[in-house]
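Some notes on the structure that comes next.
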Amino acid sequence: MNTQPFLITALSNFKERGKFSYSAYMDRGLNPSDNETRDGLERFFNHFADKLMAAARQGATEKDYKKLLMDALNMLNKNVFDTEDREFICDTFYELAGIVRVDLKEELSKWLYGSFFFNLMKVVNFIRGKKKEQVLEIRSQTCTGCGQSLEALVLEKKHGIPDTDWWIIQCNSCREYNLYSIGPDVKELRFNGFHQVESLPRQEFTEEQAFIRLEQIKYFRQR
Numbered sequence: 254m255n256t257q258p259f260l261i262t263a264l265s266n267f268k269e270r271g272k273f274s275y276s277a278y279m280d281r282g283l284n285p286s287d288n289e290t291r292d293g294l295e296r297f298f299n300h301f302a303d304k305l306m307a308a309a310r311q312g313a314t315e316k317d318y319k320k321l322l323m324d325a326l327n328m329l330n331k332n333v334f335d336t337e338d339r340e341f342i343c344d345t346f347y348e349l350a351g352i353v354r355v356d357l358k359e360e361l362s363k364w365l366y367g368s369f370f371f372n373l374m375k376v377v378n379f380i381r382g383k384k385k386e387q388v389l390e391i392r393s394q395t396c397t398g399c400g401q402s403l404e405a406l407v408l409e410k411k412h413g414i415p416d417t418d419w420w421i422i423q424c425n426s427c428r429e430y431n432l433y434s435i436g437p438d439v440k441e442l443r444f445n446g447f448h449q450v451e452s453l454p455r456q457e458f459t460e461e462q463a464f465i466r467l468e469q470i471k472y473f474r475q476r
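Counting from 1 along the sequence shown, just add 253 to a position and that's the residue number in the numbering used here.
Now the structure itself:
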């Protein structure tokens, strides 16, 4: 499967989004950094997205993408950023790594916490017997915009937990809004390929009403 068109589209949409805008900070519940910091990070990641697109057009491999990601990460001096900005930076690198299908979790943790604390955390987790994250089930549906799979990775299940909400989600690749139903018995999960925008209690919204709300969001927020 040729993934180049998907990568180019996803990276172009990434560039268009205000990743470090005032509202992006507010959506995360953070106090926005100064304009110079936010604008600088926006320019940095937009320029880097251009590099990734150029690599995609040249048929880059996973190894090529990982080197580009690590080179870019190492260009940022974490000491000039506060803790919230560092976490924001790591989340943004994690998003890009997901687009190009590269596992960067350990490298981002080392950058964020430092090698000493990262290794200490590994030792502590080993002593405590903490298990590696295990995906028990993947519940997915197809994005109505680009056809990509939108996956909810179920990490923990418990019988009897009801499916209480309709979710309105946004695809990370094409930014299309979709209606999502996660299903019952989910205690812990992780999103792959989308993020949640709004939840609608099933006690208050029928499926038809949830679709109406979806169309409202598409109308008022769509690109």
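Here a beta-carbon is modelled for each residue, glycine too, at the ideal position from N, C-alpha and C.
In angstroms with no decimal places, state the Cα-to-Cα distance between residue i and residue j.
i: residue 260; j: residue 460; result: 33 Å
i: residue 500; j: residue 451; result: A question about residue 500 goes unanswered here, because the residues of the chain that appear run from 254 up to 476.
i: residue 315; j: residue 367; result: 25 Å
i: residue 334; j: residue 341; result: 10 Å
i: residue 412; j: residue 464; result: 28 Å
i: residue 258; j: residue 399; result: 11 Å
i: residue 440; j: residue 311; result: 42 Å
i: residue 346; j: residue 423; result: 19 Å
i: residue 324; j: residue 313; result: 15 Å
i: residue 291; j: residue 285; result: 8 Å
i: residue 401; j: residue 395; result: 6 Å
i: residue 337; j: residue 329; result: 15 Å
i: residue 418; j: residue 444; result: 16 Å
Determine, using beta carbons only, whether residue i and residue j come nearer to each other than 8 Å.
i: residue 426; j: residue 263; result: yes
i: residue 322; j: residue 357; result: yes
i: residue 471; j: residue 433; result: no
i: residue 351; j: residue 404; result: no
i: residue 421; j: residue 392; result: no
i: residue 326; j: residue 267; result: no
Which of helix, strand or coil does DSSP assign to residue i?
i: residue 439; result: strand
i: residue 458; result: coil
i: residue 362; result: helix
i: residue 445; result: strand
i: residue 321; result: helix
i: residue 343; result: helix
i: residue 357; result: coil
i: residue 548; result: Nothing in the structure corresponds to residue 548, since the chain is present only between 254 and 476.
i: residue 217; result: Because the chain here runs from 254 to 476, residue 217 falls outside it and cannot be looked at.
i: residue 452; result: strand
i: residue 371; result: Residue placement at residue 371 is flagged as unreliable, the pLDDT there being 46, under the threshold of 50; the coordinate-derived value follows with that caveat. Three-state result, residue 371: helix.
i: residue 283; result: coil
The ligand SAM and residue i: does any heavy atom of the ligand fall closer than 7 Å to the residue's C-beta?
i: residue 409; result: Inclusion of the ligand SAM in the displayed structure is not the case, the ligand content being empty and no account of it being possible.
For chain B, check one thing: does any of its Cβ atoms lie closer than 8 Å to the Cβ of residue i?
i: residue 278; result: Within the model displayed, chain B is absent; a lone protein chain is all it includes.
As an exercise, report each continuous alpha helix (DSSP H) stretch of at least 4 residues that is fully enclosed by the segment 380 to 430, in chain order. Counting only unbroken stretches of 4 or more residues, no alpha helix (DSSP H) element lies wholly within the segment 380 to 430.
The segment 266 to 284 in contact with the segment 296 to 306 per 3-pair CB rule at 8 Å: The segment 266 to 284, when compared against the segment 296 to 306, does touch it at the 8 Å Cβ threshold.
Pair every Cβ in the segment 385 to 401 with every Cβ in the segment 357 to 364, then say whether three or more of these pairs are closer than 8 Å. The segment 385 to 401 is not in contact with the segment 357 to 364.
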